[in-house]
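Numbering (the working numbering), first residue to last: 25 to 360.
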């Protein structure tokens with residue numbers, strides 16, 4: 025299985041570029057023969073590069089005009105762009121991803137080949153980290169602060185990393201490798217053609233929730249809802265197939281959750297416990313729905329952590345994707 029590796033240069037105060045787009049002058053503080061050798065080694069370790077749209081544009085403009093071994097490798101490397109605004113790519117061996125970034129990366133990681141790298145692309149990196157898809161973070165830390173700039177880790181979410189290697193460079197920079205693999209993360213992502221405030225309303229209003237929240241083959245019923253942080257929410261998901269016993273033993277999956285965070289138009293986080301006598305479904309699952317505006321649309325991510333072992337990951341991924349498809353269908357049918 026291929027690894028996804030994120031590689032960036034970063035200032036001591038966490039910025040990967042200055043206050044203007046492509047303000048990368050600080051890179052010269054750490055560039056030298058050692059970092060060039062590291063870059064060439066990494067290019068030999070990969071057979072695909074991933075970019076967000078803005079990073080793709082800047083990388084293309086720079087490397088198409090550059091020369092040398094790194095430029096030759098960058099221009100020849102297969103590249104994929106995560107963007108709904110770029111329809112065509114003119115950089116050699118570049119193409120737009122043929123599906124959403126989460127599905128694309130899961131598919132590519134499961135194939136044979138060298139590793140996949142992502143450079144820059146803070147928005148893309150944020151999505152990949154949120155969905156637990158990054159195996160390793162590699163950072164060259166420059167011995168300076170910028171004061172202002174674009175943060176590399178922009179979401180504000182914490183994550184524990186394990187140091188694999190730290191090497192001091194002659195320039196004063198530090199090259200570090202971190203294991204970024206989280207415990208199990210089940211997730212799905214979908215771009216829906218609705219503004220974030222409309223999507224958020226569908227996440228928290230019971231009349232909407234019963235219409236989209238149940239996966240295919242199930243029907244939903246809201247049993248209790250206290251819509252505030254710390255408030256309780258109970259729902260029954262009933263199987264259409266009466267031969268299915270369900271986690272709760274009566275043809276249904278009944279769960280109770282607590283609203284941990286309600287950030288209007290941005291995030292809903294729930295702590296979910298399933299009602300079951302089976303210890304395989306014990307524990308509390310944390311499920312967060314993130315909303316990110318993309319023009320007039322909204323990128324919706326569902327992230328589930330601490331998933332009970334009785335829930336098969338493959339089935340859960342299908343169920344989460346089905347739920348987002350039903351959310352999109354519900355939103356498309358709303359009165360305009």
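The C-beta atom is built at its ideal place from N, Cα and C for all residues, glycine as well.
With distances taken between CA atoms, residue 129 lies nearest to 27 out of 91, 27, 226, 186. Counting only runs of at least 4 residues, the region 134 to 160 fully encloses the following alpha helix (DSSP H) elements, listed from N- to C-terminal order: 146 to 154. For residue 309, the enclosing beta strand (DSSP E) stretches over residues 308 to 318.
Counting C-beta atoms within 10 angstroms of its own C-beta, residue 145 has 16 or more neighbours from the protein chains shown and is therefore classed as buried. Assigned with DSSP and collapsed to three states, residue 251 falls in coil, not helix or strand.
When Cβ pairs closer than 8 Å are counted between the two stretches, the region 175 to 184 is seen not to touch the region 43 to 57, the count staying below three.
Taking C-alpha positions only, residue 42 is separated from residue 170 by approximately 7 Å. When Cβ pairs closer than 8 Å are counted between the two stretches, the region 231 to 245 is seen to touch the region 337 to 354, the count reaching three or more. It is roughly 44 Å from the alpha-carbon of residue 120 to the alpha-carbon of residue 303. Looking at the DSSP output, residue 210 bridges to 328. Measuring C-alpha to C-alpha distances from residue 138 to each of 186, 85, 73, 339 identifies 73 as the nearest. Rounded to the nearest angstrom, the gap between the Cα atoms of residue 246 and residue 287 is 21 Å.
Per DSSP, reduced to three states, the secondary structure at residue 165 is strand. Beta-bridge analysis with DSSP links residue 41 to 174. Relative to the Cα of residue 195, the nearest Cα in the group 310, 140, 55 belongs to 55.
Distance from the CA atom of residue 91 to the CA atom of residue 98, rounded to whole angstroms, is 10 Å.
As far as DSSP is concerned, residue 59 takes part in no beta bridge.
Exclusion of the five residues before and after residue 189 leaves 201 as the residues of its chain whose Cβ lies within less than 6 Å of its Cβ.
Going by DSSP, residue 264 is part of no beta strand (DSSP E) at all; its letter is neither H nor E.
The closest CA to that of residue 85, considering only 69, 61, 116, is found on 116.
Within the same chain, 94 come within 8 Å of residue 63 by CB-CB distance, once the 5 residues on both sides are set aside. Distance between residue 285 and residue 311, taken at the CA atoms: about 10 Å.
In the three-state reduction of the DSSP assignment, residue 203 falls in the strand class. Residue 161 and residue 33 do not touch by the CB rule: their CB atoms are close to 12 Å apart, not below 8 Å.
The region 275 to 306 is shown to contain whole beta strand (DSSP E) runs of 3 or more residues at 276 to 287, 291 to 298, in chain order. For residue 123, there is no enclosing alpha helix (DSSP H), as DSSP marks it with neither H nor E. By the CB criterion at 8 Å, residue 30 and residue 142 fall inside the cutoff. Fewer than three Cβ pairs drawn from the region 314 to 323 and the region 331 to 339 lie within less than 8 Å of each other, which leaves the two stretches out of contact.
In the three-state DSSP reduction, residue 180 falls in the coil class, being neither helix nor strand.
Just measuring C-alpha positions, the residue of 254, 206, 226, 216 sitting nearest residue 328 is 206. Classified as buried, residue 39 has 16 or more neighbouring CB atoms from the shown chains inside 10 Å of its CB.
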